[in-house]
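Okay, so the sequence shown: first residue is 1 according to UniProt numbering, each after it adds one.
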Amino acid sequence: MAPGSSGSSSSAAAGGGTDGTAVANAPHQLKAPRVDYTIVIPTLGRWRPAREVNPSDRSLANTEEPFILVRTLAFLGRHGMPKGQVVLFVADDEDRRASRYRSALARTGWEGTRIVAGVRGIREQRNFIRVTKYFPERAHIVSIDDDVSDVLWKNRPQGSPLLPLPHGALESLIFDAFHRMKTYRAFICGLASTVSKNSLSMFMDGISTRNGEVNGFFYCFINRHDTDLLPTVADATEDAERSLRYFRKDRRVLRYRMYCGSTRCFQNQGGLQSLFGTPGESTATVNERRKTQEREAAVRLHEMFPELTGKPKQKTMMKTLEIHFRPMGGAVIPSTTPEEYKKNMAADMAAMPKRRDKQEPKKASSEQPPPLADAAAPCPPLASSGAAEGPGAAPSSAQGPAAGADSDSDTVEVLSDCGDGGAADEDDDDGDDEDAQLEHALRVSAAMHGRGSGCAAGAQGGQDQAVVDAVLWTISRKKHGVAIQPTRP
């Protein structure tokens with residue numbers, strides 16, 4: 001059992017209907033195949049007593065324990081994560097800092113945790129982690145900030161508080177993330193980006209594949225040493241820039257819509273905040289400098305990614321990101337089946353009637369699928385939708401993300417512009433609703449496979465092949481700019 005683990009476990013009640021009962025098909029409740037992975041924690045100054053790191057947090061007023069022990073490592077301990085899978089990346093190559101962390105962890109359950117001397121600055125540190133000798137290509141890595149106290153879960157409709165992820169469930173969520181990355185040919189997967197833990201921006205079901213911020217507080221990724229994925233602009237926006245770079249390269253980033261991280265990144269001293277001020281300065285002064293850098297970086301990122309970002313918009317709240325991601329990308333991935341997804345979304349919609357017109361999925365397109373390709377045309381097989389590969393298995397060259405890094409031609413048949421209005425501009429899908437895209441794609445998939453649009457959760461991890469086909473189709477039809485179809489069985 002991991003340091004600090006309570007060994008307890010809990011599960012959601014069965015249900016998920018409009019009566020407010022909890023969902024029973026959340027990703028952490030599914031049985032995704034195991035993989036080997038490493039948890040990395042970039043950290044700076046969090047060896048200090050917790051009361052010093054956040055003097056405004058009354059719960060830490062008398063806490064002399066090191067901040068990292070009462071936050072991120074305590075969170076990992078509650079989920080039974082073994083210290084052998086955790087690596088701390090400290091801020092410089094002087095043994096002085098590493099020794100401070102070793103002293104902080106001494107005589108605790110985390111004593112002996114690996115500590116690697118990296119570089120200063122969160123942007124450079126995360127770039128260092130990606131290209132360091134410790135992690136080869138295709139390594140499975142989970143990056144967690146050093147001030148995360150929990151992952152929160154929206155398991156009921158609006159009006160109910162977010163709940164901590166049940167003790168012991170974190171590893172199941174990690175397995176699910178890597179399984180979905182493999183299935184949908186993605187390389188990065190994060191949580192809902194809300195720092196304020198705003199349940200109104202979260203949904204009980206679904207994983208987004210669209211252009212948007214994968215917040216740096218918690219994300220999983222399959223390592224690549226490609227330099228075009230390394231953020232270069234600013235520390236304050238490195239996670240947003242990384243998200244844009246991944247989306248530009250892969251045309252998808254995955255984000256769970258029902259989970260978010262619990263952190264007070266704008267209140268804690270040390271970490272990213274230390275780059276913008278000293279402990280003696282007020283939090284407001286430090287945050288203002290951070291916001292100034294973010295605004296300057298937002299302009300630069302718009303210049304670098306004009307097809308993926310709109311003109312930056314100033315926000316009133318310090319926590320609100322001012323980078324405007326264009327709403328483009330593929331359909332939402334149901335947690336399990338389209339039927340469960342619709343039921344859970346209906347419950348969410350019913351619970352927030354004032355926002356119904358804004359949030360309710362748009363009516364599915366009545367567009368008819370383009371005609372089938374010539375029967376003589378090559379028809380490559382689809383990727384496996386969920387065959388278990390055993391612990392530590394890396395994505396295979398035939399089925400994993402490596403096979404679809406630059407093209408989805410092995411996932412779909414690329415047709416000439418027959419019946420789909422010709423080549424599509426990638427900006428044409430601005431405003432397209434991911435729910436409507438899913439509904440239309442399922443109809444296309446049903447027509448191709450000769451079955452109804454309802455799909456049973458037959459594959460391990462809860463994904464039916466027709467759902468996989470449908471989502472990949474919506475991603476690829478925009479990526480290639482031509483009419484395409486799921487392959488025929």
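Cβ atoms here follow ideal geometry from the backbone N, Cα and C, with glycine treated the same way.
From R248 to S59, what does the alpha carbon distance come to, in whole angstroms? The residue labelled residue 248 in the question sits at position 248 within the sequence shown. The residue labelled residue 59 in the question sits at position 59 within the sequence shown. Rounded to whole angstroms, the gap between the alpha carbons of R248 and S59 is 42 Å.
Where L382 sits in the DSSP three-state scheme: What you label residue 382 is simply residue 382 of the sequence shown in a count that begins at 1. Per-residue confidence for L382 stands at a pLDDT of 26, beneath the threshold of 50, marking its modelled position as unreliable; no derived number is given.
Does the separation of the CB atoms of L244 and F305 fall below 7 Å? Indexing the sequence shown from 1 puts residue 244 at position 244. Indexing the sequence shown from 1 puts residue 305 at position 305. Inclusion of L244 and F305 in the CB contact set at 7 Å is warranted, their separation being smaller than that value.
For S193, name the three-state secondary structure that DSSP assigns. For the purposes of this step, residue 193 is identified with residue 193 of the sequence shown, where counting begins at 1. In the structure shown, S193 falls within a coil segment according to DSSP collapsed to helix, strand and coil.
Could you check which residue in A436, E294, G310 and I141 has the C-alpha nearest to that of M345? The residue labelled residue 345 in the question sits at position 345 within the sequence shown. Of A436, E294, G310 and I141, the residue nearest in Cα terms is A436.
Roughly how many whole angstroms lie between the Cα atoms of residue 511 and E241? Here the chain comprises residues numbered 1 to 489, so residue 511 is not present and cannot be evaluated.
Taking only runs of the alpha helix (DSSP H) that begin and end inside the region 61 to 149, which ones reach a length of at least 4 residues, in chain order? For the region 61 to 149, the continuous alpha helix (DSSP H) assignments of 4+ residues that do not extend past its boundaries occur at 67 to 70, 72 to 78, 95 to 105 and 122 to 131, in sequence order.
Candidates F67, R224, E171 and A236: which alpha carbon is nearest Q293's? Within the sequence shown, numbered from 1, the residue matching residue 293 stands at position 293. Among F67, R224, E171 and A236, the Cα nearest to that of Q293 is on A236.
Taking the C-alpha atoms as reference points, what is the distance between E303 and N215? For this step, residue 303 is matched to residue 303 along the sequence shown. For this step, residue 215 is matched to residue 215 along the sequence shown. Take the alpha-carbon of E303 and the one of N215: they are about 21 Å apart.
Give the straight-line distance between the Cα atoms of L472 and R224, rounded to the nearest whole angstrom. Translated into positions along the sequence shown, residue 472 becomes position 472. Translated into positions along the sequence shown, residue 224 becomes position 224. Spanning the two alpha carbons is a distance of roughly 21 Å.
Can you check DSSP and say which residues form a bridge with F255? In the sequence shown, the residue the question calls residue 255 occupies position 255. As written in the sequence, residue 255 is Arg, which differs from the Phe given in the question. Beta-bridge partners assigned by DSSP to R255: G190 and S208.
Taking the beta strand (DSSP E) that Y219 belongs to, which residues open and close that run? Residue 219 sits at position 219 when you count from the first residue of the sequence shown. Unbroken beta strand (DSSP E) run through Y219: F218 to I222.
Exposed or buried, E288, counting other C-beta atoms within 10 Å across all chains shown (16 or more means buried)? Mapped onto the sequence shown, residue 288 falls at position 288. The residue is exposed, with fewer than 16 neighbouring Cβ atoms inside 10 Å.
Could you check if Q338 is buried or exposed, using at least 16 other CB atoms within 10 Å of its CB as the buried criterion? Here residue 338 refers to the residue found at position 338 of the sequence shown. The question names Gln, but residue 338 is Pro in the sequence shown. Note on P338: 16 or more other CB atoms within 10 angstroms of its CB, so buried under the neighbour-count rule.
Measure the C-alpha to C-alpha separation of Q158 and C189 and round it to an integer number of angstroms. Translated into the one-based positions of the sequence shown, residue 158 becomes position 158. Translated into the one-based positions of the sequence shown, residue 189 becomes position 189. If you take the alpha carbons of Q158 and C189, they lie about 24 Å apart.
Measuring CA to CA, which of H167, S262 and D146 is closest to W47? Indexing the sequence shown from 1 puts residue 47 at position 47. Sorting H167, S262 and D146 by C-alpha distance to the C-alpha of W47 places D146 at the top.
Quick one: any contact between the region 82 to 89 and the region 29 to 48, if contact means 3 or more CB pairs under 8 Å? Touching, yes.
Whole-angstrom C-beta distance between A91 and F67, which should lie under 8 Å: For the purposes of this step, residue 67 is taken as the residue at position 67 of the sequence shown. For the purposes of this step, residue 91 is taken as the residue at position 91 of the sequence shown. Contact flag wrong, Cβ pair sits at about 14 Å.
Considering Cα atoms alone, identify which of L162, S143 and I144 is closest to L152. Numbered from its first residue, the sequence shown carries residue 152 at position 152. Of the listed residues, the one whose Cα sits closest to L152 is L162.
Stretch pair the region 191 to 202 + the region 255 to 265: three plus CB contacts closer than 8 Å: Three or more beta-carbon pairs drawn from the region 191 to 202 and the region 255 to 265 are found closer than 8 Å, and the two stretches are therefore classed as touching.
How many Å lie between I475 and V468 at the Cα? As a working mapping, residue 475 is identified with position 475 in the sequence shown. As a working mapping, residue 468 is identified with position 468 in the sequence shown. In this structure, the straight-line span from the alpha carbon of I475 to that of V468 is close to 11 Å.
Range covered by the alpha helix (DSSP H) that runs through P338: In the sequence shown, the residue the question calls residue 338 occupies position 338. Start and end: P338 to A350.
Could you give the DSSP three-state label for W473: helix, strand or coil? To locate residue 473, count along the sequence shown from 1; it is residue 473. W473 falls in the helix class under three-state DSSP.
Which residues in the same chain as A139 place their Cβ atom closer than 6 Å to its Cβ, once the five residues preceding and following it in sequence are excluded? Locating residue 139 in the sequence shown gives position 139, where the first residue counts as 1. So the list reads N223, once near-sequence residues are dropped.
For the putative contact between R123 and P42, defined by C-beta atoms under 8 Å, what is the C-beta separation to the nearest angstrom? In the sequence shown, residue 123 corresponds to position 123, counting from 1. In the sequence shown, residue 42 corresponds to position 42, counting from 1. Rounded, the Cβ-Cβ distance is 10 Å, inconsistent with contact.
What does a CB cutoff of less than 7 Å around R97 pick up in its chain, not counting 5 residues either side in sequence? In the sequence shown, counting from the first residue as 1, residue 97 sits at position 97. Cβ within range, chain order: V90 and A91.
Per DSSP, cross-strand counterpart(s) of V151: Sequence index remark: in the sequence shown, residue 151 carries index 151 (1-based). G261, per the DSSP bridge assignment.
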